[in-house]
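Protein sequences appear in the order of chains A and B. Numbering-wise (our numbering), the first sequence opens with residue 469 and increments by one. Numbering-wise (our numbering), the second sequence opens with residue 469 and increments by one. Just so you know, even glycine gets a beta-carbon here, dropped at the ideal spot from N, CA and C. Quantities reported herein were computed from a predicted structural model and do not represent experimental measurements. Notes follow once the structure below has been shown.
Protein chains: 2
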Amino acid sequence: MSATANTTITYESLHRFTAEALCAAGVSEADAATTADVLTTTDAWGVFTHGTKLLAGYLRRLKLGGLRVRGIPRIVAHGGAWATVDGDAALGQVASVLAMRTAIAKAKQQGIAFVGVRNSCHFGAAGYYTWLAAKEGLIGLAMANDVPSVAAPGSRGAILGSNPLSYAVPAGRHAPLLLDMSTATVAGGKVYAARMRGEPIPDNWIVGADGRPTTDASIYPQTGALQPAAGHKGYGIALLIETLSGVLSGAAFTWRVGNWMWDDGMQPTNHGAAFIALDVNTIMPAAQFAQRMEMLVDEIHAAPLADGAKRLCVPGEMGWERHAHAMQHGITLPSDVMEKLESVSVETGVPLSFLKT
Amino acid sequence: MSATANTTITYESLHRFTAEALCAAGVSEADAATTADVLTTTDAWGVFTHGTKLLAGYLRRLKLGGLRVRGIPRIVAHGGAWATVDGDAALGQVASVLAMRTAIAKAKQQGIAFVGVRNSCHFGAAGYYTWLAAKEGLIGLAMANDVPSVAAPGSRGAILGSNPLSYAVPAGRHAPLLLDMSTATVAGGKVYAARMRGEPIPDNWIVGADGRPTTDASIYPQTGALQPAAGHKGYGIALLIETLSGVLSGAAFTWRVGNWMWDDGMQPTNHGAAFIALDVNTIMPAAQFAQRMEMLVDEIHAAPLADGAKRLCVPGEMGWERHAHAMQHGITLPSDVMEKLESVSVETGVPLSFLKT
């Protein structure tokens, strides 16, 4: 079996493989299914950096014990419109789904709810959790901290993680608005890809060892750090995310967060995350909100285009088109993802049978 | 009296003049004091574009009726952790303070609360309202929509307002973190200033009539539009702000929002806004949160600096230093603000007596 060409497989087959590999590592069927949902949906959106490509790294940590195979995330404190979840060092996806479901349930009672998560790990794509809310007619927000990789204006090295932010908003007959962004200018992977191609990069992507902007990708990731998106604005938003996800939840923050991919795999990373759900229907009749959101989206779609532009999108629109295509025609996995899945197959003994379906 | 030089006055004198001018226009003493608090505090932070400079424009609308002199903002619907405020076309500051105080009171009961505002007007600096929350030990968020002035990636003209976002977080012995940002790359005023100086601008500030980036400031504001901060990220966040402030509150959104400065002064603008308060002490003992925030801020202050950088700040830090200086030594108003205040004095008959104190 060659990993050089892209491979197209069904959502169901990829989901089954992912869940079976996690079960083979000792994860419960329910938690394996939850994690497979998150990773496979992310691939269906075409966000391959955060989909099943992560599975191999998660399995390594599960084996070494830094991720607890039978950890059980629990609500450890709660009140009217808030809760705190302890992730018990289990897979971050399991704690995050519990947290967002808790936020949804409480928001349906109170209008809005906040759930902080501590003792979690990498949670994959933030957009999965906000989609959970939008599927039920709520507005969802999700965010998480991570080990520092992004500079602040005036710093020499990394100060905060790439701290992702996602929201999803139900939009009537349209697919939900779904933004999932990091607070850095670009993903580190994009810098690394330019390095591999030997190309210079725009001067707002990274800072060098002296803390100043550089177009030289060859120093990354050994030295330098990513730049925050829009300077002090991205830095400021990342700091709010660090506060809500890390400080207020009781999780680790900044350099105390473990690097889930590179650190000692035997220690929990103690990532933090935060989830907010807003129940539209409590605040405004759902049909009225849907009609107003449709008006907003229709207006944007009908706006005049810039010279050379093909269309004007709302957040998530391209991802939903890829998702629809993937559910009908299968997911075309890039070769780097296939390589990772093949290593998972070898490691766990779960056959890559979907390649034959 | 000359307006060519900067003028230094006390906070109290500027507050009194502002409140008296509003009272002279028929605004109640309480509402005049509230609005004067917002505008004068903003000047004390050194954000002169959003302080008492706005007073002349507000008075014009109050005279023409688009702002209702005796409008009474009211809570028109509410539940456990949410409320909707109708601003009754009164000064946006009055509706916004009511909304944030309501969010604070509810968050103290429920942990978090959301308050949407409709039928409001320009609310000045978003940071004033989040500071109200931080003063009481809560985390505050504030946002508002406005008439479109910012392009979306791929659009020819403006799609959304510069939709500001602010948060404030109490930080123990440190002043609260306080971010107050627009979702555009820069303020329109900065483009206009470059135009007046005949200087080219960076190519990420505005798009021209064809929707493409341009370095030519001379076309602004007649044609072109501001660019969103960090492209699709700023656009995405602005769209969430439009949704929470405009769509969910029942306010106007996008082009239906009135231009408070240039439109027909006789019509309400129906701006929307949204406020969220999170009661730290409900979720984590306040002393523990304060200690953790101090650790975070101290860590940032101690981080290595980039070559040429003098210090590493957290959001709001420079503003609080200006504020402390202003409260002790007075506020030094730029000449453009003084010119506006002199026109207010002529219009209302309230003497600029503070110049003699």
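Check	Outcome
In chain order, each alpha helix (DSSP H) run of at least 4 residues that lies wholly inside the segment 552-588 of chain B	560-578
Beta-ladder partner(s) of residue 743 of chain A, from DSSP	A:583 and A:610
Separation of residue 760 of chain B from residue 774 of chain A, as counted between CA atoms	47 Å
CB of residue 512 of chain A within 8 Å of CB of residue 487 of chain A, strictly	no
Per-residue DSSP class, three states only, for residue 547 of chain B	strand
Any chain B beta carbon closer than 8 Å to residue 750 of chain A	yes
First through last residue of the alpha helix (DSSP H) which encompasses residue 522 of chain A	Element bounds for residue 522 of chain A: n/a, residue is neither H nor E.
Cutoff 6 Å; reference residue 742 of chain B; Cβ partners in own chain excluding five residues on either side	584, 611, 712 and 713
Chain-ordered chain A contacts of residue 635 of chain B [CB-CB under 7 Å]	708
Contact belief for residue 634 of chain B with residue 652 of chain B at Cβ below 8 Å, rounded distance in angstroms	Not quite, the Cβ-Cβ distance comes to about 15 Å (not below 8 Å), so this is no contact.
Own chain residues within Cβ distance below 7 Å of residue 674 of chain B, not counting five before or after	659, 682, 688, 692, 693, 694 and 695
DSSP state of residue 471 of chain B mapped onto helix, strand, coil	Residue placement at residue 471 of chain B is flagged as unreliable, the pLDDT there being 45, under the threshold of 50; the coordinate-derived value follows with that caveat. Three-state DSSP puts residue 471 of chain B in coil, outside helix and strand.
Length-filtered (3 minimum) beta strand (DSSP E) runs lying within the segment 731-807 of chain A	739-747 and 799-801
Residue 527 of chain A to residue 489 of chain A span [Cα, whole Å]	8 Å
Where the beta strand (DSSP E) through residue 643 of chain B begins and ends	642-649
C-alpha gap between residue 706 of chain A and residue 627 of chain B, whole angstroms	25 Å
Backbone CA spacing between residue 824 of chain A and residue 478 of chain A [nearest angstrom]	Reliability fails at residue 824 of chain A, whose pLDDT of 47 lies under 50, so the model's placement of it is uncertain and the value that follows must be treated cautiously. Whole-angstrom Cα-Cα distance: 11 Å.
Integer-rounded CB distance, given that residue 643 of chain A should sit under 8 Å from residue 788 of chain A	4 Å
Interface flag, residue 693 of chain A vs chain B, CB-CB below 8 Å	no
CB of residue 726 of chain A within 8 Å of CB of residue 586 of chain A, strictly	no
Close-in-space but distant-in-sequence residues of the same chain around residue 533 of chain A (CB under 8 Å, 5 per side omitted)	733 and 734
Residue environment, residue 797 of chain A, which counts as buried when at least 16 other CB atoms sit within 10 Å	exposed
Partners in chain A for residue 715 of chain B, counting only beta-carbon separations shorter than 8 Å	757, 760, 761 and 764
Residues of the segment 567-600 of chain A whose Cβ lies closer than 9 Å to any Cβ of chain B, in chain order	574, 575, 577, 578, 579, 580, 581, 582 and 584
Cβ-based neighbour list, residue 537 of chain A, same chain, cut-off 7 Å, excluding 5 preceding and 5 following	493, 494, 495 and 530
Inter-stretch contact at 8 Å, needing at least 3 Cβ pairs: the segment 567-585 of chain A / the segment 545-557 of chain A	yes
Nearest-angstrom beta carbon gap, residue 782 of chain B and residue 516 of chain B [assumed within contact, 8 Å]	Wrong, their Cβ atoms sit about 22 Å apart, outside the cutoff.
Per-residue DSSP class, three states only, for residue 627 of chain B	strand
Cβ neighbours of residue 497 of chain B in the same chain (closer than 7 Å, five flanking residues each side left out)	491
Environment of residue 664 of chain B [buried if 16+ CB atoms lie within 10 Å]	exposed
Closer than 8 Å to chain B by CB, residue 787 of chain A	no
Interface flag, residue 773 of chain B vs chain A, CB-CB below 8 Å	yes
Residues from the segment 613-637 of chain B in contact with chain A, defined by Cβ distance under 7 Å	620, 622, 623, 624, 625, 627, 635 and 637
Whole-angstrom distance between residue 724 of chain B and residue 813 of chain B, CA atom to CA atom	33 Å
Rounded C-alpha distance that separates residue 544 of chain A from residue 605 of chain A	27 Å
Cutoff 6 Å; reference residue 469 of chain A; Cβ partners in own chain excluding five residues on either side	At residue 469 of chain A the pLDDT is 44, less than 50, meaning the model places this residue with poor confidence; the figure from the coordinates comes in the next sentence. Counting only Cβ-Cβ distances below 6 Å, and skipping sequence neighbours, we find nothing.
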